[in-house]
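2 protein chains.
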Amino acid sequence: MLYDETMLSRHMQPLTGSAIREIFHLLGKPGMISFAGGNPAVTALEPDVISDIAQKVLKTHGWRLLQYGATEGFGPLLESIAHFIESSGIKAQPSQILPCQGAGQALDLLVKATCNEGDVVLVESPTFLGALQTFLTYGVKLVPLPSDGEGVIVEEAEALIKAHHPKLMYIIPTFQNPSGKTLGLARRQRLCELAAGYGVVLAEDDPYRDLRYRGEALPAIKSFDKEGWVVYMGSFSKLISPGLRMGYAMSDNPTLFRKLVIGKQSADVHSPLLNQAIVDEYLRAGYMPGHIARICGDYKKQLTLMLEGLEAIPGIAFTKPEGGLFVWAELPEGMNATDMLREAVARNVAYVPGTHFHCEGGHHNTLRLNFSNSAPEQIRQGMEILKDLILEKSKA
Amino acid sequence: MLYDETMLSRHMQPLTGSAIREIFHLLGKPGMISFAGGNPAVTALEPDVISDIAQKVLKTHGWRLLQYGATEGFGPLLESIAHFIESSGIKAQPSQILPCQGAGQALDLLVKATCNEGDVVLVESPTFLGALQTFLTYGVKLVPLPSDGEGVIVEEAEALIKAHHPKLMYIIPTFQNPSGKTLGLARRQRLCELAAGYGVVLAEDDPYRDLRYRGEALPAIKSFDKEGWVVYMGSFSKLISPGLRMGYAMSDNPTLFRKLVIGKQSADVHSPLLNQAIVDEYLRAGYMPGHIARICGDYKKQLTLMLEGLEAIPGIAFTKPEGGLFVWAELPEGMNATDMLREAVARNVAYVPGTHFHCEGGHHNTLRLNFSNSAPEQIRQGMEILKDLILEKSKA
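Protein chains in written order, with the working numbering: chain E, 1 to 396; chain C, 397 to 792.
Right under this line is the structure:
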């Protein structure tokens, strides 16, 4: 007998893989300028620092980093993360923090803990496409949350909560992926009240908050949470290294937290202790503030260049983020960024078509542009190429 | 509103955590002799070697180990693993190997890919309790496979396949956890034929195969597989380090393999590149054969001491494994190893009650004993304490 597609689980049958990660396979082409992906700049990565830290922690902790560890995480790291997230207004006990394989795993565990097949989850539209794929593996029903320039419109969110009784709301509040938008202060507080008032768990995914190039930092949604409805998720992927796969969930809701732990125990037992100890030492030894200042300086210049490139394209609308890694652009109605990708890649420029970020599909005139992983000269060149391509297409 | 248990997902509500990992919390007590867990000996862990290798790979591969990587894994490691598993008779292409967070994640991804809620999975009874918990998070129905001294009885397996039409069979063929039994050669071939003949995916979990202290190595079930029904899963946790969390799945079934990759993409994007590169270099630089010889020498002595300790306890039956980490013991009917644990721990000896390894429960007269993580003197002492306790109980 041969194994065929129909034997797969119902949820996995339709999944064909993340659009971004498929685009990654195109990027090996020599000379490619990639505005796809969400990679940190290569110059933001510090192999020598990480090598020194790895040596140091293996000397300090010895075999303990190589033995099995607790699912709940490496004790010193829990303290370091609790301290690290204080600046967002979150008062966390170390025991309320669960180290995960990136914030992505934190979301996966939260969906596993809270959702049955067919349950409704409210998501921003557009939102992070990795999250969309995670939701699909659990067979939940996604309902899009309308936004304006300040992020999710809370009145609309309330109406959707009343209509659909969702189990979960998934929000990226700061320099949102893919839009670059930041949720306003009053809306943060109000969304938190809606979560507690209607009994909806709010997944706050905040991996970009420290990449701010202008404007004032806002407190996390979690900082307004009095009843434990918000699960805060962060990551060191954009700050230290995505390759180390270190993120975390924070929850002061003991019922939910315990199920995140049990879910992780079942999925992968615990996060690697060496990686946990490296991130702990990075935070503890004080590398982070200087590193953030340096990469924010570079990324700010790259963002400015990308926005200048967009200004030069007539008829295009785009966000002007205060931080993060992404700019969101809308071509005139009727143009198709999804179809245009092939030609862009042929001219050595890649981006992610915006349709992939919408749970309801459509929006083919939109695209996401990443600026962190391209040098200034590449951004100038790439935006010129895109401008020419868009102008040709708009005349066609 | 307050979050309560009834709001959790149906599958996660009843899960209260792995019995082993809860027992771990007792083990911090000073002087505790632990035959619980499945930890390698502390002396089997090599922090200095891993530190040197970490430095070397970060120097060689630089920022590439810190950037995002492919879900499919770090290319050199795929080659190294393909080469490493050749000795078990498996001819694997590097592209048929998926690095995972331990073999446990490989199983989690396989269940995700193949099983809907309510589907039947055949499991050995007893079997690895981490696997039992993983199955429960997917809401599958577990049916126990009867065994004798040579492992699963294939005629019974065939009858259960006909009766239940399972999606998956989960088999630990070599030095099984927890029984220590090894599946006979003819049975390996026959189980593989049953999988292909009836269309049941066979999850072959083989993390102990290189820890052989006597007897002849047997080819993996996978080595008999002509139609891609067996997914082979291995781990470096028992050989190099559990803390690094490196294992793998191998499948030459393109449909299944693709869904394992997509499942991993959704769960945690990819395994940490530093950890993948460390294991690759460990294999590539030739550390493994000498290391295996050294730890097998130690473990063989520890196993011998534990078997001697068991011989001295009248009325107890136990397995005599040719390798691995565990011995399985049965007290006389009517005795209760589950209840006895509290007293054993009070006398500073821990084990895992056998009931936890049985999907159907019961079997309270059984227990699992680990010998790898206790020094010879601890094994002598601990077995004396257990003997006294069992004798007292059997007279009571």
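Positions of the beta carbon are idealized from the N, C-alpha and C atoms, including for glycine.
query                                                                                                                           : result
Distance between alanine 82 of chain E and glutamate 150 of chain E (C-alpha atoms, nearest Å)                                  : 28 Å
Straight-line Cα distance separating valine 42 of chain E from arginine 258 of chain E                                          : 37 Å
Glutamate 384 of chain E, DSSP secondary structure in three states                                                              : helix
Contact between the stretch 699-714 of chain C and the stretch 723-737 of chain C (3+ Cβ pairs under 8 Å)                       : yes
Secondary structure, alpha helix (DSSP H): runs of 4+ residues fully inside the stretch 327-368 of chain E                      : 337-346
Within chain E, the residues that glycine 413 of chain C reaches when beta carbons sit closer than 9 Å                          : Thr71, Arg258, Val261, Ile262, Gln265
C-alpha distance - proline 749 of chain C paired with leucine 763 of chain C, whole-angstrom precision                          : 4 Å
Buried/exposed call for methionine 169 of chain E, threshold 16 Cβ in 10 Å                                                      : buried
Chain E residues whose Cβ lies nearer than 9 Å to that of isoleucine 446 of chain C                                             : Ala54, Leu58, Leu65, Leu66, Leu274
Proximity to glutamine 276 of chain E [Cα-Cα], best of E:Glu79, E:Ile33, E:Val231                                               : E:Glu79
First and last residue of the uninterrupted beta strand (DSSP E) at leucine 538 of chain C                                      : 537-541
Cβ-based neighbour list, asparagine 358 of chain C, same chain, cut-off 6 Å, excluding 5 preceding and 5 following              : The first residue shown for chain C is 397 and the last is 792, placing residue 358 of chain C beyond what the model contains.
Contact set between alanine 553 of chain C and chain E, taken where Cβ atoms lie within less than 8 Å                           : By Cβ distance, chain E contributes nothing, its closest Cβ being about 16 Å from alanine 553 of chain C, past 8 Å.
Distance CB(leucine 614 of chain C)-CB(arginine 584 of chain C) smaller than 8 Å                                                : yes
Proximity test, Cβ basis, 8 Å: asparagine 253 of chain E and chain C                                                            : yes
Residue burial classification, alanine 440 of chain C (beta-carbon count within 10 angstroms, cutoff 16)                        : buried
Backbone CA spacing between isoleucine 85 of chain E and glycine 757 of chain C [nearest angstrom]                              : 43 Å
Closest by C-alpha distance to valine 120 of chain E, when choosing among E:Asp148, E:Cys192, E:Val200, E:Gln101                : E:Val200
Chain A contact for arginine 764 of chain C (CB, 8 Å cutoff)                                                                    : Judged by its chain identifiers, the structure shown contains no chain A, and its protein chains are E and C.
Any chain E beta carbon closer than 8 Å to methionine 646 of chain C                                                            : no
Coarse secondary structure for phenylalanine 714 of chain C, derived from DSSP in three states                                  : strand
Distance, asparagine 336 of chain E Cα to isoleucine 97 of chain E Cα                                                           : 43 Å
Within 7 Å of chain E by C-beta, residues of the stretch 492-509 of chain C in sequence order                                   : Gln497, Gly498, Gly500, Gln501, Asp504, Lys508, Ala509
Residue environment, aspartate 210 of chain E, which counts as buried when at least 16 other CB atoms sit within 10 Å           : buried
Residue-chain proximity (glycine 458 of chain C, chain E), Cβ-Cβ < 8 Å                                                          : yes
Own chain partners of leucine 581 of chain C with C-beta closer than 8 Å, once the 5 adjacent residues on each side are dropped : Leu614, Pro615
Min CB distance threonine 523 of chain C to chain E below 8 Å                                                                   : no
Glycine 118 of chain E, buried or exposed, once every other Cβ within 10 Å from all chains shown has been counted against 16    : exposed
First through last residue of the alpha helix (DSSP H) which encompasses cysteine 100 of chain E                                : No alpha helix (DSSP H) holds cysteine 100 of chain E; the beta strand (DSSP E) holding it covers 97-100.
DSSP three-state assignment for tyrosine 287 of chain E, whether helix, strand or coil                                          : helix
Residue closest to isoleucine 466 of chain E, alpha-carbon to alpha-carbon, out of C:Ala553, C:Gln451, C:Ile486, C:Pro443       : No answer is possible for residue 466 of chain E: the residues shown for chain E start at 1 and end at 396.
Local Cβ density within 10 Å of glycine 28 of chain E, reported as buried at 16 or more and exposed below that                  : exposed
Bridge partner(s) assigned by DSSP for methionine 485 of chain E                                                                : Summary: the structure shown does not reach residue 485 of chain E, with chain E confined to residues 1 through 396, and so no result is reported for it.
Under the three-state DSSP convention, the category glycine 469 of chain C falls into                                           : coil
Under 8 Å between C-beta atoms of leucine 303 of chain E and proline 289 of chain E                                             : no
Contact check, proline 668 of chain C vs arginine 245 of chain E, beta carbons under 8 Å                                        : yes
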